[in-house]
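Asker:
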Amino acid sequence: MPRDRVSRWTSVLGGVLGSLYLLFGVLEGITHLDEPASLAFWLPALLGGGTLVLVGVFRVKEPGWLSILLVGGGLFAASLATAWTVLLPVAAAALLVLVVRRSGSAAYG
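Numbering (our numbering), first residue to last: -4 to 104.
1) Thinking just about the alpha-carbon of each residue, which of Leu65, Val95, Ser98, Phe36 is nearest to the one in Gly13?
2) Pairing CB atoms from the stretch 42 to 53 with CB atoms from the stretch 68 to 83, are three or more of them under 8 Å?
3) Hey, Ser74 and Ala89 are a contact pair by Cβ (cut 8 Å); roughly how many whole angstroms apart?
4) For Leu34, which residues in the same chain have their Cβ closer than 6 Å to its Cβ, ignoring the five residues on either side in sequence?
5) Spatial neighbours of Ile63 within its chain, please: CB distance less than 7 Å, with the 5 preceding and 5 following residues excluded, ordered by chain position.
6) Using three-state DSSP, classify Val11 as helix, strand or coil.
7) For Val52 and Leu61, which I take to be in contact (beta-carbon distance under 8 Å), what is that distance rounded to the nearest angstrom?
8) Is the beta carbon of Ala78 sitting closer than 9 Å to the one on Pro39?
9) Under three-state DSSP, which class holds Leu38?
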């Protein structure tokens, strides 16, 4: 896949997943206000994971190891909370592959 297509798909999928994780984090926070112990899991996993994904995809200036680590960490954290959906972890794996390909193509070309 050409580099610009990889970057475009990385941005689209990263934006969608990161935004969904943040949205789910806000919704879980609202629905679990009466269960503060469960918020200790939901908020860091979803809000933190979504933030790491968005920072790794959009704010890291040069794709490379930092981008891979941020996105990978965010996807791992958020996937723990969204594993029941089946579709989101599959999309997360696809995003991680795209981020690695984007970083590899930036290093070599």
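Even glycine gets a Cβ: it sits at the ideal position worked out from N, Cα and C.
Answerer: Let's see:
1) Minimum Cα-Cα distance from Gly13 among the listed residues Leu65, Val95, Ser98, Phe36 corresponds to Leu65.
2) Enough Cβ pairs lie closer than 8 Å, so yes.
3) Contact doesn't hold; Cβ gap of about 12 Å is too wide.
4) Same-chain partners within the cutoff: His27.
5) Only Val94, Val95, Ser98 meet the Cβ criterion.
6) Val11: helix per DSSP, three-state reduction.
7) About 12 Å; that fails the 8 Å criterion.
8) Not in contact: Ala78 and Pro39 (Cβ atoms no closer than 9 Å).
9) The answer is helix: DSSP assigns Leu38 an H, G or I state.
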